[in-house]
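In this text, residue positions in the sequence shown follow my numbering: the first is 24, and each later residue adds one.
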Amino acid sequence: MTYIAALEEARRQEATKPISDFMFGQLTQFLSQEIARLSKPQTPKMGDILKNKGGLTLLF
24 MTYIAALEEA RRQEATKPIS DFMFGQLTQF LSQEIARLSK PQTPKMGDIL
74 KNKGGLTLLF
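Here is the structure:
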């Protein structure tokens, strides 16, 4: 369901549940993507290492 469709459905039903369900779905999708992205091992890029000559590189 698209945002506009959720708004139209909420107006038709005179309820906020369709838009709340849409927003919950979008948040769930976003958080799943972020978890997947951050679950991958992170390593510094070679360009970043060269910029920080002799410095300490922290990865979070």
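All C-beta atoms in this analysis are idealised placements derived from N, C-alpha and C, irrespective of residue type, glycine included.
1) Checking 7 Å against the spacing of the C-beta atoms, do T39 and A33 come in under that value?
2) Output yes or no for whether 7 Å exceeds the beta carbon distance between P41 and A59.
3) Could you spell out where the alpha helix (DSSP H) holding M46 opens and where it closes?
The answer reads as follows:
1) Position 16 of the sequence shown, counted from the start, is the residue given in the question as residue 39. Position 10 of the sequence shown, counted from the start, is the residue given in the question as residue 33. Contact: yes.
2) To locate residue 41, count along the sequence shown from 1; it is residue 18. To locate residue 59, count along the sequence shown from 1; it is residue 36. Cβ atoms of P41 and A59: not closer than 7 Å.
3) Taking the sequence shown and counting its residues from 1, the one referred to as residue 46 is at position 23. Residues 40-62.
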